[in-house]
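Student: Residue 204 in the UniProt record's numbering sits at position 204 of the sequence shown; the count goes up by one each step and never skips.
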Amino acid sequence: MPDDSPATRGPRTQPDPFDPASVAIVVVTYNRSHLLTTLLTSICAMEPKPGRIVVIDNASDDDTTDVVESYRERLAAAGTELVYRRLDTNTGGSGGFSAGMETAYGLGAEWIWLMDDDVEVIPDALALLGRWTPRFRSIQGRRYDYDGSPFYWQYRIAPRMGIPIPFAPSKFDASGYKPMNSGCFEGMFVHRSIVQRIGLPDPRFFIYWDDQVYGWLASRITRSVAVEDFILRRTRDIKMVNLGVRNLRASSDAYRYYIMRNRGYIKQYYRAYGAYSPLLFAAGTAATFCKELIRLVAVERRSIAGAKNLWRGLRDAREVAADTTWRPMPPLPVE
1 MPDDSPATRG
11 PRTQPDPFDP
21 ASVAIVVVTY
31 NRSHLLTTLL
41 TSICAMEPKP
51 GRIVVIDNAS
61 DDDTTDVVES
71 YRERLAAAGT
81 ELVYRRLDTN
91 TGGSGGFSAG
101 METAYGLGAE
111 WIWLMDDDVE
121 VIPDALALLG
131 RWTPRFRSIQ
141 GRRYDYDGSP
151 FYWQYRIAPR
161 MGIPIPFAPS
171 KFDASGYKPM
181 NSGCFEGMFV
191 HRSIVQRIGL
201 PDPRFFIYWD
211 DQVYGWLASR
221 ITRSVAVEDF
231 ILRRTRDIKM
241 VNLGVRNLRA
251 SSDAYRYYIM
261 RNRGYIKQYY
271 RAYGAYSPLL
281 FAAGTAATFC
291 KELIRLVAVE
301 RRSIAGAKNL
311 WRGLRDAREV
321 AADTTWRPMP
331 PLPVE
C-alpha cells in the first residue's frame with residue numbers, strides 16, 4: 001500500500017515547513033539555447049526562488065554553455081546557485097533527468113522539480129506547489145499550452161496495460177487535487193525520500209515512457225497527486241490535430257521507435273514489481289501501436305509505410321523483455 005505519511009524518513013510526525021531554498025530545479029536541454037534562455041529568464045523572475053538550478057546539457061553543440069553561464073551571476077545575486085553539467089554524449093531525456101536527479105540528490109535537495117527546456121515557469125509556482133508539500137510527496141502541477149489554453153495531461157494509467165487512460169476526468173473537485181498513478185517530467189515535483197526509495201529515473205529508456213514508469217513507481221509508495229495549480233507554460237508550438245475526444249500531437253521517427261521499444265522495459269518493471277498480466281499488457285501494446293498509426297496518418301499526413309520504426313521498436317522490445325540479466329534501478333543511499 002502507498003505510504004500516505006507526509007514524510008518517509010526519520011521519526012518526526014509533522015513535516016518541516018516548506019522552504020523554497022530546499023528546492024532544486026532540474027532542467028534538461030539539448031541544442032535549444034533560445035528556449036533555455038526563456039526558461040532561465042522566467043526562473044529569475046520567480047518569487048520565491050529555488051535554492052538551486054541544475055542544468056543538464058545533453059552534449060549540445062550550439063551556444064548552450066555560453067547562455068547558461070550568462071545567468072550565473074544574476075541567479076547568484078538572487079540567492080540561487082546554478083549548477084551546470086554538460087554530458088559527454090546525448091543520453092536523451094531519460095539519461096538527462098537521471099543525471100539531473102542524481103546531481104540534485106547528491107547536493108542535498110529536499111525537493112526536486114523536473115522540467116524540459118521548452119517551458120517557462122509561472123512566477124508564483126513554488127508558492128503554489130509549496131502549499132501541497134505538508135500532505136504529499138509526489139506532486140504534478142498543471143501546464144498552459146503554447147496558445148495559453150490548459151493542457152490536459154493523462155494523469156491516470158491502466159496499470160496492467162501500461163497505457164494512459166484518455167478519458168480520466170479533467171475537472172477538479174473542492175479538494176483541488178486528484179490521485180495519480182503516473183508522472184510527467186515536465187513539472188514533476190518529488191521529495192528526496194521518494195527518490196531514495198525508488199532510485200533514479202532509468203536512463204535505458206532514452207526517451208518516452210520513463211516518466212510514466214517513474215510516476216507509477218512513486219504512486220506505489222506514496223499518495224501521488226495531480227493538483228489544480230498552473231505552474232508551467234509551454235514555449236514551443238507543436239503541430240496537433242483534434243480528434244474530438246482528445247488531441248494528438250506530431251511525433252518523429254525516433255519517438256515512434258522508442259515508444260514501442262520501451263514497452264520491453266515497462267514489461268520488465270511490471271514483472272519485477274508483480275504487476276505483469278500478459279494478456280492485458282499485450283492489449284496495451286496493441287493499443288499503443290494503433291494510436292501511433294493514427295498519429296502518423298492523421299497528424300503527420302504520412303503514408304502508413306512510415307510505420308517501419310514502430311515495427312523495429314516492437315522487435316527490439318521483445319529482445320529487451322527477454323533479457324534475464326535486467327534489473328530495475330536500485331534505491332539510493334540515505335545521506
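Glycine residues also receive a C-beta, built at the ideal position from the N, C-alpha and C atoms. Being a predicted model, the structure only gives us computed values, none of them experimental.
1. Going by DSSP, what residues sit across from A218 in a beta bridge?
2. Cα separation between T288 and A272?
3. Taking DSSP as the reference, what is the three-state secondary structure of M101?
4. Please name the residue in N31, T29 and L39 whose C-alpha comes closest to that of I231.
5. Taking the alpha helix (DSSP H) that M260 belongs to, which residues open and close that run?
6. For a test of the three-state rule: what should DSSP assign to L40, helix, strand or coil?
7. Taking its Cβ as the centre, do 16 or more other Cβ atoms sit within 10 Å of K49, making it buried, or is it exposed?
8. If we ignore side chains and look at the alpha-carbon of each, how far apart do F281 and I194 end up?
9. Using three-state DSSP, classify D210 as helix, strand or coil.
10. Pick helix, strand or coil for residue 380, following the three-state DSSP scheme.
11. Enumerated in chain order, which unbroken segments of the beta strand (DSSP E) with a length of 3 residues or greater are wholly contained in the region 57-106?
12. Just to confirm, is the Cβ distance from Y30 to D117 under 9 Å?
13. Assign E186 to one of three DSSP states: helix, strand, or coil.
14. Buried or exposed for I294, please, with buried defined as at least 16 other CB atoms from any protein chain shown within 10 angstroms of its CB.
15. For V213 versus Y146, is the C-beta spacing smaller than 9 Å?
16. Among residues of its own chain, excluding the 5 on either side of P203, which ones have a beta-carbon nearer than 7 Å to its beta-carbon?
17. Just curious, the alpha helix (DSSP H) that A282 is in, first and last residue?
18. Alpha carbons only, please: which of G162, I53, Y155 and A77 is nearest the one belonging to T103?
19. What are the start and end residues of the beta strand (DSSP E) that includes Q140?
20. I want to know whether the region 121-140 touches the region 64-84 - three or more CB-CB distances under 8 Å.
21. Just to confirm my understanding: we take F189, look at its own chain, exclude 5 residues before and 5 after, and list those with CB closer than 6 Å. What are they?
22. L126 lies in the alpha helix (DSSP H); which residues open and close that run?
23. On the premise that L36 lies in contact with M101, defined as a C-beta separation below 8 Å, what is that separation, rounded to the nearest angstrom?
Tutor: Taking the definition as stated:
1. What you label residue 218 is simply residue 218 of the sequence shown in a count that begins at 1. A218 is not bridged to any residue.
2. Residue mapping note: residue 288 aligns to position 288 of the sequence shown, counting from 1. Residue mapping note: residue 272 aligns to position 272 of the sequence shown, counting from 1. Cα-Cα distance, rounded: 22 Å.
3. As a position in the sequence shown, residue 101 is number 101, starting the count at 1. Note: M101 maps to helix in three-state DSSP.
4. Sequence index remark: in the sequence shown, residue 231 carries index 231 (1-based). Of N31, T29 and L39, the residue nearest in Cα terms is L39.
5. Along the sequence shown, one-based indexing puts residue 260 at 260. From DSSP, the alpha helix (DSSP H) with M260 extends over D253 to R261.
6. As a first step, residue 40 must be located in the sequence shown, where it is residue number 40. L40: helix per DSSP, three-state reduction.
7. Mapped onto the sequence shown, residue 49 falls at position 49. That one is buried.
8. On the sequence shown, residue 281 is found 281 positions in, with the first residue counted as 1. On the sequence shown, residue 194 is found 194 positions in, with the first residue counted as 1. For F281 and I194, the distance between alpha carbons rounds to 26 Å.
9. Counting from 1 along the sequence shown, the entry for residue 210 is found at position 210. Three-state result, D210: helix.
10. Nothing in the structure corresponds to residue 380, since the chain is present only between 1 and 335.
11. 81-86
12. Here residue 30 corresponds to residue number 30 of the sequence shown, with the count starting at 1. Here residue 117 corresponds to residue number 117 of the sequence shown, with the count starting at 1. Yes, the pair counts as a contact, with Cβ atoms nearer than the cut-off.
13. Counted from its first residue, the sequence shown places residue 186 at position 186. Note: E186 maps to coil in three-state DSSP.
14. Numbered from 1 along the sequence shown, position 294 holds the residue referred to as residue 294. Looking at its Cβ environment, which holds fewer than 16 other Cβ atoms inside 10 Å, I294 is exposed.
15. Indexing the sequence shown from 1 puts residue 213 at position 213. Indexing the sequence shown from 1 puts residue 146 at position 146. No.
16. On the sequence shown, position 203 is the one that residue 203 refers to. Hits under 7 Å: T91, S94, G95 and S98.
17. Within the sequence shown, numbered from 1, the residue matching residue 282 stands at position 282. P278 to I294 is the extent of the alpha helix (DSSP H) around A282.
18. Taking the sequence shown and counting its residues from 1, one reaches residue 103 at position 103. The candidate whose alpha carbon is nearest that of T103 is I53.
19. Here residue 140 refers to the residue found at position 140 when the sequence shown is read from its first residue. Per DSSP, Q140 belongs to the beta strand (DSSP E) from S138 to Y144.
20. no
21. As a first step, residue 189 must be located in the sequence shown, where it is residue number 189. Closer than 6 Å at Cβ, skipping near neighbours: W113, L129 and I139.
22. Against the sequence shown, residue 126 aligns to sequence position 126. Its alpha helix (DSSP H) spans residues A125 to G130.
23. Residue 101 sits at position 101 when you count from the first residue of the sequence shown. Residue 36 sits at position 36 when you count from the first residue of the sequence shown. So it is not a contact: roughly 19 Å between Cβ atoms.
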